[in-house]
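Peer 1: Numbers 0 to 150, taken from numbering that gives the first Met the number 0, label the letters of the sequence shown in order.
Ideal Cβ placement from N, Cα and C applies to all residues, glycine included.
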Amino acid sequence: MESENIGEGTKIWHFVHVREGARIGRDCIVGKSAYIDLDVEIGDRVKIQNFVSIYKGVKIEDGVFIGPSVTFTNDLYPRADAWGEDMITHTLVKRGASIGANSTVICGVTIGEYAMVGAGSVVTRDVPSFTLVYGNPARIRGRVNKEGLKV
0 MESENIGEGT KIWHFVHVRE GARIGRDCIV GKSAYIDLDV EIGDRVKIQN
50 FVSIYKGVKI EDGVFIGPSV TFTNDLYPRA DAWGEDMITH TLVKRGASIG
100 ANSTVICGVT IGEYAMVGAG SVVTRDVPSF TLVYGNPARI RGRVNKEGLK
150 V
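Put into structure tokens, the structure is as follows:
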């Protein structure tokens, strides 16, 4: 673990790599084998399950749930020999959102407050607050309340 910006009460499981400059809030749980890249921002009371990859340019607000094996990308045009700070595309996950297992979040999107992304989804565009999306690509399938129940 390279970052020193870990909030009080946060539990980090084994084989987790938290890069320098990453900030993790209070009372979070980071599951085993997760990767949190340079300068990632994670709010308070966030639950990150096992094998999650969060790359530079991602900001996660308070109370977010991220299921096992979720991957966030950060470069729309990845190439092995052309990488730099100007290639990073930012992603925002707003308060209370939930992202199901094995989902992929393509960079540059905002996932709204209390939105729910179904397991296995590929998120390619913004998800409005209190919306249920799933599929490949993820499409709006309904509305949810703060508890994640369909309304």
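So, is alanine 79 buried or exposed, given that buried needs 16 or more other C-beta atoms within 10 angstroms?
Peer 2: exposed
Peer 1: For the putative contact between leucine 131 and valine 122, defined by C-beta atoms under 8 Å, what is the C-beta separation to the nearest angstrom?
Peer 2: That pair is no contact at about 12 Å.
Peer 1: What residues are listed by DSSP as bridge partners for leucine 131?
Peer 2: Met115, Gly141
Peer 1: If I'm right that valine 150 touches alanine 96 with Cβ under 8 Å, what's the distance once you round it to whole angstroms?
Peer 2: Wrong, their Cβ atoms sit about 16 Å apart, outside the cutoff.
Peer 1: In the DSSP assignment, find the beta strand (DSSP E) that holds lysine 93 and state where it starts and stops.
Peer 2: It is not in any beta strand (DSSP E) - lysine 93 carries neither H nor E in the DSSP assignment.
Peer 1: Which whole-angstrom value describes the C-beta separation of serine 32 and valine 15, a residue pair presumed to lie in contact below a C-beta threshold of 8 Å?
Peer 2: 7 Å
Peer 1: Can you give the Cα-Cα distance for valine 104 and isoleucine 35, rounded to whole angstroms?
Peer 2: 15 Å
Peer 1: Near aspartate 43, which residues of its chain fall below 8 Å by C-beta distance, leaving aside the five closest residues on each side in sequence?
Peer 2: Gly6, Gly24, Arg25, Asp26, Cys27, Asp61, Gly62
Peer 1: Give the straight-line distance between the Cα atoms of valine 108 and valine 51, rounded to the nearest whole angstrom.
Peer 2: 18 Å
Peer 1: For tyrosine 54, is the classification buried or exposed, using 16 other Cβ atoms within 10 angstroms of its Cβ as the cut-off for buried?
Peer 2: buried
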